[in-house]
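S.K.: The structure is given below, and queries will be raised subsequently.
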Amino acid sequence: MSKIINVYYRKGTPNNIEEKLLHICRKLEPDNITANLPKIVSSQYLSYGIINPMATILYNGNNVLLGQTFEKNNELIWNSDEVKFPDGSYALFRDTKDKFVATADAVASRTIWYFFDEEKLISSTSQRAIILFLGSYEPNSECIPWVLSTGSLGPSASWDKRIKRIPPASSLVLDKDTWKIKLEQNDIVFKHIKDSRKNYRRKLSISISQTFEQINFDLRNWVLPLSGGYDSRGILYFLIKKKLNTKPRTITWGLEQSQNIIGNDAYVAKKISKTLGIPHKYYHTDLSNEPMKTILDRFIIMGEGRIDHIGGYMDGFNIWKTLFEDNVQGVIRGDEGFGWSDVSTKINVRYYNGCALCGDFENLRRLCNKYGLKIQDLPSELQQLPSETLSSWRDRIYHQFRLPTVLSALSDLKLGYVEQTTPLLSYKILNVVRGLPDGLRTEKKLFKKIIDSLEPKIEYANKGANADPGQILKHPEVVAILQQELKKEDVKELFPNGFIDDVLSKTMSKESLNKKRSKKQKFIAFAKRNIPKFLKNMILSNTPLNLDYNVLAFRIYIIVYMNRLLKSETQFN
2 MSKIINVYYR KGTPNNIEEK LLHICRKLEP DNITANLPKI VSSQYLSYGI INPMATILYN
62 GNNVLLGQTF EKNNELIWNS DEVKFPDGSY ALFRDTKDKF VATADAVASR TIWYFFDEEK
122 LISSTSQRAI ILFLGSYEPN SECIPWVLST GSLGPSASWD KRIKRIPPAS SLVLDKDTWK
182 IKLEQNDIVF KHIKDSRKNY RRKLSISISQ TFEQINFDLR NWVLPLSGGY DSRGILYFLI
242 KKKLNTKPRT ITWGLEQSQN IIGNDAYVAK KISKTLGIPH KYYHTDLSNE PMKTILDRFI
302 IMGEGRIDHI GGYMDGFNIW KTLFEDNVQG VIRGDEGFGW SDVSTKINVR YYNGCALCGD
362 FENLRRLCNK YGLKIQDLPS ELQQLPSETL SSWRDRIYHQ FRLPTVLSAL SDLKLGYVEQ
422 TTPLLSYKIL NVVRGLPDGL RTEKKLFKKI IDSLEPKIEY ANKGANADPG QILKHPEVVA
482 ILQQELKKED VKELFPNGFI DDVLSKTMSK ESLNKKRSKK QKFIAFAKRN IPKFLKNMIL
542 SNTPLNLDYN VLAFRIYIIV YMNRLLKSET QFN
């Protein structure tokens, strides 16, 4: 998705607004492409700038939708009174006579940030854009424990304490007359609806079919990232079922060697596309020839420090650069909410959802207590309700936290290059899922049965195609960068004396780790890679969590880098 910044002024737009928005848009363009010219629009009260605009954007007067709707009639979506929450995958901004409304989709798959004062309302899909517009930066210490324990900004925090986030299935509504804002929210509720297994399956199948029937795909502009798993295969089968004039194009990425390894994502995806006779292309994510620090820093900048999942980006975003230069407008992603891993403890629920607290990790808790770092609490809205089973709580957290925080941040990494749509996150589908019994959601059981019934029947992958993120962060060059950058003087402004030295003393490169590891440790590492999932869950339930120190060091670097960046970009204003 292109990125957007909207500014609505209470007493009228200032004269220099277009120049200011153009500067911000240019600043946020990826550094490895020649982006499309920014789109700048200015009216009496409302102005907006769009970074690297794609042909898929919908406009209607001052109204803008970035993404895609799953509605038959897009003309209806512009009326915020009649259609408050359209079905789709989008960030939607609507300007009416007496209101300005910014709307997030069912799971906030594209985060909308906002700032509000007596003079203006700024809403944007980039928190960095808002900070640049304000010309000042007020660091938010609340996000630090979340980055340390999860590698994300947590359920609601921004790098700047003045900036807020619009929750899933919610609208931020500005009343222009009273100059007041309010959030209109739809609650995420999992409530078992009693029915037969046959009817559960029928309802879920119908909801998926109806979603694909209503989406207007021009497959000349879109590609489908195809793995060896269920989600993207399900999308492919339902696209083929539509009998469109243009065949879907599929792509897969990973290490060069992965496409020849039986059982690997890349190998299985290639087999599926060949069997179905559809175009397929494989992109290598092997290490880029660029300097390692350039790769790390670009990853942080493109995602605005919202996520630490660097595994698929060690090519320096070359895949996304190539797709953009090939005039691909967008990707159809398999993000979904059909149900998550089997759980047996509360820590399982938090950990599997990427929502673990500092106190959940034995070593991180010890470090926080030793150096006086804050250990965060789980917000009340994310805590287990008395009426919830562990499994229903697990899946509510997935919809309420993992999708809008972790997966949305992963989307943000690519949205500077291409558009994105996530059809499996349709309201229709999610509403059915939230009424299923626990057993049909756990491990996506019912969805998998539906996909298993479709033809052709091809084996599923049991290995990923990308490099192991843990191994990437043990690369000698990465370790050297972390050691160098985290010893600089400004790090002391964020972390207490001794904390960084303690972490770095346990941060090891692959070579030194291999020398130090005993035969027992090597066996444990092998077992972790190869034992069945249910045994992993059993072990995890009875073993204290410990955070890898290289991962922790990288998360600290993200915090340090973002603070340096945002300070440097605003210090002369």
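Each residue of the sequence shown is one higher than the one before, starting from 2 at the first, in the working numbering.
A virtual CB, placed ideally from N, CA and C, is assigned to each residue, including glycine.
Since this is a predicted model, take the numbers as computed values, not measurements.
Mapping the DSSP letters down to three states, classify R27 as helix, strand or coil.
M.R.: helix
S.K.: So, with DSSP's three-state summary, where would you put V561?
M.R.: helix
S.K.: By the DSSP assignment, the beta strand (DSSP E) with V434 in it spans what residues?
M.R.: Unbroken run through V434 is the alpha helix (DSSP H), Y428 to V434; no beta strand (DSSP E).
S.K.: Pull up the DSSP beta-bridge partners for V332, would you.
M.R.: V224 and Q421
S.K.: Between the C-alpha atoms of T253 and T443, what's the straight-line distance to the nearest angstrom?
M.R.: Each residue's CA atom was taken as its position, placing T253 and T443 some 27 Å apart.
S.K.: Can you tell me the Cα-Cα spacing of I451 and R202, whole angstroms?
M.R.: 7 Å
S.K.: Taking contact to mean 3 or more Cβ pairs, one atom from each stretch, closer than 8 Å, check whether the segment 106–122 and the segment 160–170 are in contact.
M.R.: yes
S.K.: Buried or exposed: which applies to D161, given that a residue is buried once 16 or more other Cβ atoms fall within 10 Å of its Cβ?
M.R.: buried
S.K.: Please say whether T422 and S90 have beta carbons closer to each other than 8 Å?
M.R.: Result yes, Cβ atoms of S90 and T422 sit closer than 8 Å.
S.K.: Using 8 Å for Cβ pairs, my map puts K56 next to N222. What's the rounded Cβ distance?
M.R.: Going by the sequence as given, residue 56 is Ala instead of Lys. Going by Cβ atoms, the distance from A56 to N222 rounds to 7 Å, so yes, they are a contact pair.
S.K.: Do you know whose CA, among P156, S233 and I459, lies nearest T406's CA?
M.R.: P156
S.K.: For E486, which option in L411, K242 and R565 has the closest C-alpha, if you only look at C-alpha atoms?
M.R.: Restricting attention to L411, K242 and R565, the CA atom closest to the CA of E486 is found in R565.
S.K.: Considering just the uninterrupted stretch of the alpha helix (DSSP H) at N319, what are its terminal residues?
M.R.: N319 to E326
S.K.: Rounded to the nearest angstrom, what separates V344 and R129 at their Cα positions?
M.R.: So the two alpha carbons sit approximately 37 Å from each other.
S.K.: With three or more beta-carbon pairs closer than 8 Å as the criterion, would you say the segment 72–82 touches the segment 133–148?
M.R.: no
S.K.: For N53, count neighbouring Cβ atoms within 10 angstroms of its own Cβ and tell me buried if that reaches 16, exposed if not.
M.R.: buried
S.K.: Who pairs with K40 in a beta bridge, going by DSSP?
M.R.: I51
S.K.: Just the C-alpha distance for Y49 and P477, rounded to the nearest angstrom, thanks.
M.R.: 44 Å
S.K.: Going residue by residue through the segment 163–246, where are the continuous alpha helix (DSSP H) segments of at least 4 residues, counting only ones entirely within it?
M.R.: 198–215 and 231–242
S.K.: Name the residue from Y231, L175, S150 and N141 whose alpha carbon lies nearest to the alpha carbon of S159.
M.R.: Distance from the Cα of S159 is smallest, within the candidate group Y231, L175, S150 and N141, for N141.
S.K.: With F293 and I482 assumed to form a contact (beta carbons below 8 Å), what rounded beta-carbon distance in angstroms separates them?
M.R.: Sequence check: residue 293 is Met here, not Phe. Sure, about 6 Å apart at Cβ, within 8 Å.
S.K.: Buried or exposed, going by whether 16 or more other CB atoms sit within 10 Å of the CB of E337?
M.R.: Under this definition E337 is a buried residue.
S.K.: Evaluate the contact criterion for the segment 202–212 versus the segment 430–441: three or more CB pairs, one atom per stretch, below 8 Å.
M.R.: yes
S.K.: Compute the Euclidean distance between the alpha carbons of F496 and G136, then round it to the nearest angstrom.
M.R.: 25 Å
S.K.: Would you give the residue range spanned by the beta strand (DSSP E) that R95 belongs to?
M.R.: G89 to D96
S.K.: My output table needs one value for N80: the three-state DSSP class, helix, strand or coil.
M.R.: It is coil, neither helix nor strand.
S.K.: Roughly how many whole angstroms lie between the Cα atoms of N37 and K4?
M.R.: 12 Å
S.K.: Assuming V102 is part of the beta strand (DSSP E), what are its boundary residues?
M.R.: K100 to A105
S.K.: Is it right to say E603 is buried, meaning 16 or more other beta carbons lie within 10 angstroms of its own, or is it exposed?
M.R.: Residue 603 lies beyond the range of the chain shown here (2 to 574); nothing can be said about it.
S.K.: Could you compute how far the alpha carbon of T276 sits from the alpha carbon of P457?
M.R.: Rounded to whole angstroms, T276 to P457 spans 8 Å at the Cα level.
S.K.: With DSSP as the reference, label N290 as helix, strand or coil.
M.R.: coil
S.K.: Unbroken beta strand (DSSP E) runs of length 3 or more, entirely within the segment 119–154: which are they?
M.R.: With a minimum length of 3 residues, the continuous beta strand (DSSP E) runs that stay inside the segment 119–154 are 121–125.
S.K.: Would you grab the beta carbon distance between S274 and N319 for me? Rounded to a whole angstrom, and I think it's under 8 Å.
M.R.: With a Cβ gap of about 21 Å, S274 and N319 do not count as contacting.
S.K.: Is it the case that the Cβ atoms of K464 and D266 are separated by a distance below 8 Å?
M.R.: yes
S.K.: Helix, strand or coil: how does DSSP classify W394 here?
M.R.: W394 carries a helical assignment under DSSP once its states are collapsed to helix, strand and coil.
S.K.: Rounded C-beta distance between R1 and I194? I'm assuming under 8 Å.
M.R.: Only positions 2 to 574 of the chain appear in the structure, and residue 1 is not among them; the question remains open.
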